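Residue numbers (the UniProt record's numbering): 1 to 236.
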């Protein structure tokens, strides 16, 4: 990604980011190559050239929006590389190194984004919020961050007709419709292992007296006792 404040060179204007932000069906379409002969290199097919031209002009391809489309037309960067299968659109979805690195950047510090960490830093969002489990909402937010990062738009509710709130809701729906679905379970486990799986909590509790209860623990116990007392039959 160009290291400039301007985002004008991102999105469709950058050949690599263009492939990342468009859905896989269109990515395949604009990158279709001719079959090379012995003395020639493969080149884009006429159909691929036409599709790319329409894409860059903001027109439609086969009467479907070239870029934005519906907000459940996932950018290809949401998939593990080369995993997209039109007959099995769940395959590889969200098992993306890009999404994984965005989650690490957010929760276990920017320095851990590429390779992860063996210890969760004392100062990071994960420790600050005591959040060490990847949830669908965390994933939805990371997806919005990832797409915004590679687009020409700033942090906003929508990019053209692509609405981030609908995209977020669509991410949640895939997991909340059936939390026991094998794909949902395996995808969250993959992300969990990638973000927190090999890391130990490095928070420092040495200032606490050994064996002493924290205020939060005492509050939880008092509330539990009150609930138990309220639900028990009154003694005469």
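Ideal Cβ placement from N, Cα and C applies to all residues, glycine included. What you are looking at is a predicted structure, and each value in this text was computed from that prediction instead of being measured.
Delimiting residues of the alpha helix (DSSP H) encompassing residue 93: On the chain shown, residue 93 is found 93 positions in, with the first residue counted as 1. Where residue 93 is concerned, there is no enclosing alpha helix (DSSP H), given that its DSSP letter is neither H nor E.
To the nearest angstrom, report how far apart residue 83 and residue 227 are at their CA atoms. As a working note, residue 83 is residue 83 in the chain shown. As a working note, residue 227 is residue 227 in the chain shown. Our two residues, residue 83 and residue 227, have alpha carbons roughly 50 Å apart in a direct line.
Restricting to runs no shorter than 3 residues, where is the beta strand (DSSP E) found entirely within the segment 88-152? If we require 3 residues or more, the segment 88-152 turns out to have no beta strand (DSSP E) run fully inside it.
Where residue 222 falls, given that 16 or more other Cβ within 10 Å makes a residue buried: Against the chain shown, residue 222 aligns to sequence position 222. Flag for residue 222 reads exposed.
Which residue marks the beginning of the alpha helix (DSSP H) containing residue 189, and which one marks its end? Start at 1 with the first residue of the chain shown, and residue 189 comes out as number 189. Where residue 189 is concerned, the enclosing alpha helix (DSSP H) stretches over 182-192.
Within this structure, are the beta carbons of residue 74 and residue 93 separated by less than 8 Å? Locating residue 74 in the chain shown gives position 74, where the first residue counts as 1. Locating residue 93 in the chain shown gives position 93, where the first residue counts as 1. By the CB criterion at 8 Å, residue 74 and residue 93 fall inside the cutoff.
Taking buried to mean at least 16 other C-beta atoms within 10 Å of its own C-beta, is residue 17 buried or exposed? Reading the chain shown from its first residue, position 17 is the one you call residue 17. With 16 or more neighbouring CB atoms inside 10 Å of its own CB, residue 17 falls in the buried class.
For residue 54, is the beta carbon positioned less than 7 Å from some heavy atom of the ligand GTP? Absence of the ligand GTP is noted for the structure shown, with no ligands found whatsoever.
Cut-off 8 Å between Cβ atoms - residues of its own chain near residue 157, not counting five sequence neighbours on either side: Within the chain shown, residue 157 is the residue found at index 157, counting from 1. These residues qualify, in order along the chain: 163, 164, 165.
Using the beta-carbon count (16 or more within 10 Å), is residue 130 buried or exposed? Against the chain shown, residue 130 aligns to sequence position 130. Label assigned to residue 130: exposed.
Please state whether DSSP places residue 36 in a helix, a strand or coil. As a working note, residue 36 is residue 36 in the chain shown. Here DSSP, grouped into helix, strand and coil, assigns residue 36 to coil.
When you compare the CB positions of residue 52 and residue 42, do they come within less than 8 Å of one another, or not? Position 52 of the chain shown, counting from 1, holds the residue named residue 52. Position 42 of the chain shown, counting from 1, holds the residue named residue 42. Contact: no.
Residue range of the alpha helix (DSSP H) that includes residue 168: By 1-based counting over the chain shown, the position of residue 168 is 168. Where residue 168 is concerned, the enclosing alpha helix (DSSP H) stretches over 164-176.
Kindly indicate which three-state DSSP category residue 25 falls into: helix, strand or coil? Indexing the chain shown from 1 puts residue 25 at position 25. In the three-state reduction of the DSSP assignment, residue 25 falls in the helix class, which pools H, G and I.
Classify residue 21 as buried or exposed, calling it buried when 16 or more other Cβ atoms lie within 10 Å of its own Cβ. Numbered from its first residue, the chain shown carries residue 21 at position 21. With at least 16 other beta carbons inside 10 angstroms of its own, residue 21 counts as buried.
To the nearest angstrom, how far is it from the Cα of residue 138 to the Cα of residue 86? Position 138 of the chain shown, counting from 1, holds the residue named residue 138. Position 86 of the chain shown, counting from 1, holds the residue named residue 86. Each residue's Cα considered, the two are about 26 Å apart.
Looking at C-alpha atoms only, which residue of 183, 15, 188 is the closest neighbour of residue 88? Position 88 of the chain shown, counting from 1, holds the residue named residue 88. Cα-wise, what sits closest to residue 88 is 183.
Just verifying my parser: in three-state terms, what is the DSSP assignment at residue 209? For the purposes of this step, residue 209 is taken as the residue at position 209 of the chain shown. Residue placement at residue 209 is flagged as unreliable, the pLDDT there being 44, under the threshold of 50; the coordinate-derived value follows with that caveat. Coil.
Taking the alpha carbon of residue 145 as the reference point, which residue from 44, 231, 77 has its own alpha carbon closest? By 1-based counting over the chain shown, the position of residue 145 is 145. The residue with the shortest Cα to Cα distance from residue 145 is 77.
Among 30, 142, 36, which residue has its Cα nearest to the Cα of residue 48? As a first step, residue 48 is located in the chain shown; it is residue number 48 there, counting from the start. The shortest C-alpha to C-alpha distance from residue 48 to any of 30, 142, 36 is the one to 30.
Quick one: residues in its chain with C-beta nearer than 6 Å to the C-beta of residue 179, no 5 flanking neighbours on either side, listed in chain order? In the chain shown, residue 179 corresponds to position 179, counting from 1. Correct list: empty, nothing qualifies.
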